[in-house]
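S.K.: Reminder that position 183 of the sequence shown reads as 304 in this note's numbering, one-by-one numbering, no gaps. We treat Cβ as the ideally placed atom computed from N, Cα and C, and that holds for glycine. All of these numbers come straight from a predicted model, not from anything done at the bench.
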Amino acid sequence: MTETPQELPNADELLFSLRRKEGSWVEWGKSCQTLQKAGYTPQAIFEATGFEPIHQNQIIVAAQVFETMVKVGVSEAVKAHFGQRSSDILYELRVLKQEERAAAAELVFEKGLDTDEVHEIVRELKDYSRLSKAPESFSSRPGDIVAYYAWKTAKEKSDFQERSRYIARGLKFAQTETARKTIEALLTDFTVTPKRPAPRLPLYRVDSDEQLPRILPVAGKLPLKVADLHAVPILEEVGLFEIVQFSGMGAWMTVPGWQVIRSAEDPVAILGESDRLPAPLEGESEEVIIVIDRAQREWNADSYFAVAESEYLELQWFEEAPSVSLLGRVILVMRPKKLLDQDYTQGEFSRDQRNMMERWTLDE
122 MTETPQELPN ADELLFSLRR KEGSWVEWGK SCQTLQKAGY TPQAIFEATG FEPIHQNQII
182 VAAQVFETMV KVGVSEAVKA HFGQRSSDIL YELRVLKQEE RAAAAELVFE KGLDTDEVHE
242 IVRELKDYSR LSKAPESFSS RPGDIVAYYA WKTAKEKSDF QERSRYIARG LKFAQTETAR
302 KTIEALLTDF TVTPKRPAPR LPLYRVDSDE QLPRILPVAG KLPLKVADLH AVPILEEVGL
362 FEIVQFSGMG AWMTVPGWQV IRSAEDPVAI LGESDRLPAP LEGESEEVII VIDRAQREWN
422 ADSYFAVAES EYLELQWFEE APSVSLLGRV ILVMRPKKLL DQDYTQGEFS RDQRNMMERW
482 TLDE
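What follows is the structure in structure tokens.
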């Protein structure tokens with residue numbers, strides 16, 4: 122049972138301490154978390170202390186990262202450094218496993234990295250964890266992982282300056298002698314390995330109201346838990362009219378019956394935003410429908426797939442066969458009908474209404 126604010130004995134003390142910014146940011150994060158668990162809303166805490174809701178979330182999560190990092194074990198210098206500053210950097214490490222957080226924090230401290238650099242490194246560490254086979258000559262230490270991706274990118278560059286920049290990055294982060302020698306070999310080997318381009322998303326836009334629809338179950342809107350995807354019942358269509366039979370509660374929607382939809386064995390719809398896709402779409406952000414066929418779980422390099430990221434669902438493209446289980450293939454991303462068409466239709470409807478009213482007036 123969640124406590125009400127009045128049931129927290131030291132609430133006033135915590136609010137007063139936050140208002141005066143007493144102690145370290147780690148203590149602030151713990152205090153904010155205690156107050157929120159006791160029933161205080163982020164807005165109420167903000168009004169009482171000046172800590173904005175977005176800042177509360179950052180220090181709460183970063184404090185949790187700090188505790189797990191210390192529990193795994195870091196040097197005293199790293200512990201002292203992050204215990205007093207850089208909550209924004211620890212917040213970036215939240216998506217890593219506990220052991221990875223500690224090793225990454227050591228690397229960040231050693232290299233003096235800023236938030237943007239840490240964000241890039243965290244992405245590389247996550248990508249590395251999904252590889253089905255560890256690359257030769259590079260260890261699993263975070264510095265070697267960063268060096269591996271720098272080496273891989275350098276090989277793809279034909280421009281000498283760009284190639285040199287990634288070689289320098291690799292040498293900066295390499296933590297083993299084998300990794301360093303592998304990168305140094307690029308100084309005399311100018312062979313270019315073309316990068317495989319990411320595939321285009323299977324993008325469609327509704328242009329006709331006459332296309333035959335298909336009914337799909339809707340799992341929810343991203344961010345979405347993996348359990349929510351698994352909970353969607355298998356839809357059964359019966360007879361010539363494809364009458365849908367289902368049990369349980371849920372949301373349902375219709376989409377045009379394009380061939381890619383008709384041929385799907387177990388399609389499930391998910392709502393998302395166009396600027397948060399693994400390959401963001403151009404133009405202003407708009408809500409889109411993402412259709413995943415849960416029956417298609419065999420990897421290929423020309424498709425995007427749904428995978429589990431902790432307990433949440435994530436859409437990813439894998440250049441190589443991943444070690445993680447695939448939950449389904451993205452078979453369609455559907456944008457809504459253009460608003461221009463809707464405005465035109467509404468304008469026509471308005472003119473028809475006016476003409477009808479005029480006729481009624483004349484008849485009278």
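In whole angstroms, what is the alpha-carbon distance linking residue 409 and residue 445?
M.R.: Straight-line Cα distance between these residues: approximately 26 Å.
S.K.: Could you tell me which uninterrupted alpha helix (DSSP H) segments, each at least 4 residues in length, are contained entirely in the stretch 184-213, listed from first to last along the chain?
M.R.: DSSP runs (the alpha helix (DSSP H)) wholly in the stretch 184-213: 197-205, 208-213.
S.K.: Count the CB pairs spanning the stretch 151-161 and the stretch 170-187 that are closer than 8 Å, and state whether there are at least three.
M.R.: The stretch 151-161 is in contact with the stretch 170-187.
S.K.: Do you know how far the Cα of residue 334 is from the Cα of residue 362?
M.R.: Annotation note: pLDDT 47 at residue 362 (below 50); position unreliable, no value reported.
S.K.: Determine the closest residue to residue 221 out of 243, 422, 200, 166, with distance taken between C-alpha atoms.
M.R.: Among 243, 422, 200, 166, the Cα nearest to that of residue 221 is on 243.
S.K.: In chain order, what are the residue ranges of uninterrupted beta strand (DSSP E) at least 3 long that sit wholly in the stretch 395-429?
M.R.: Taking only runs of at least 3 residues, the beta strand (DSSP E) segments lying wholly in the stretch 395-429 are 408-414.
S.K.: Going by other Cβ atoms of all chains shown within 10 Å of its Cβ, with 16 needed for buried, is residue 272 buried or exposed?
M.R.: With 16 or more other Cβ atoms within 10 Å, it is buried.
S.K.: Assign residue 220 to one of three DSSP states: helix, strand, or coil.
M.R.: DSSP places residue 220 in helix when its eight states are reduced to three.
S.K.: Straight-line CA distance for residue 92 to residue 351?
M.R.: Any question about residue 92 goes unanswered here, given that the chain covers just 122 to 485.
S.K.: Would residue 391 pass as a contact of residue 313 if the rule is Cβ separation under 9 Å?
M.R.: Against a cut-off of 9 Å, the Cβ pair of residue 313 and residue 391 comes out as no contact.
S.K.: Go ahead and pull the three-state DSSP assignment for residue 296.
M.R.: Looking at residue 296 - three-state DSSP - the assignment turns out to be coil, as it is neither helix nor strand.
S.K.: Could you tell me which of 443, 423, 302 sits nearest to residue 429, measuring between CA atoms?
M.R.: Minimum Cα distance to residue 429 is reached at 443.
S.K.: Hey, could you find the ends of the beta strand (DSSP E) residue 434 is sitting in?
M.R.: Per DSSP, residue 434 belongs to the beta strand (DSSP E) from 433-438.
S.K.: How would you label residue 164, buried or exposed, when you count the other beta carbons within 10 angstroms and need 16 or more for buried?
M.R.: Result: exposed.
S.K.: Please list, in chain order, all residues of the same chain as residue 402 whose beta carbon is under 6 Å from its beta carbon, the five residues on each side excluded.
M.R.: Contacts found: 395.
S.K.: In whole angstroms, what separates the C-alpha of residue 388 from that of residue 376?
M.R.: Between residue 388 and residue 376, the C-alpha separation is close to 11 Å.
S.K.: Could you tell me whether the Cβ atoms of residue 414 and residue 386 are closer together than 9 Å?
M.R.: Contact flag set, yes.
S.K.: DSSP has residue 373 in a bridge; who is on the other side?
M.R.: Paired residue(s): 338.
S.K.: One question on the structure: do residue 238 and residue 199 come within less than 9 Å of each other, judged by their Cβ atoms?
M.R.: Result no, Cβ atoms of residue 238 and residue 199 do not sit closer than 9 Å.
S.K.: Going by the CB atoms, is the gap between residue 171 and residue 206 shorter than 9 Å?
M.R.: Against a cut-off of 9 Å, the Cβ pair of residue 171 and residue 206 comes out as no contact.
S.K.: Count the other CB atoms, across all protein chains shown, that sit within 10 Å of the CB of residue 190; report buried if there are 16 or more and exposed otherwise.
M.R.: Per the 10 Å Cβ criterion, buried.
S.K.: Using three-state DSSP, classify residue 148 as helix, strand or coil.
M.R.: In this structure, residue 148 counts as helix in the three-state DSSP scheme.
S.K.: Between 276, 324, 307, 325, which has its C-alpha nearest residue 315's C-alpha?
M.R.: The shortest C-alpha separation from residue 315 is found at 276.
S.K.: Taking the alpha helix (DSSP H) that residue 267 belongs to, which residues open and close that run?
M.R.: Element bounds for residue 267: 263-277.
S.K.: Decide if the stretch 280-300 is in contact with the stretch 419-427; the criterion is three or more beta carbon pairs, one per stretch, under 8 Å apart.
M.R.: Because the criterion of three Cβ pairs below 8 Å is not met, the stretch 280-300 and the stretch 419-427 do not touch.
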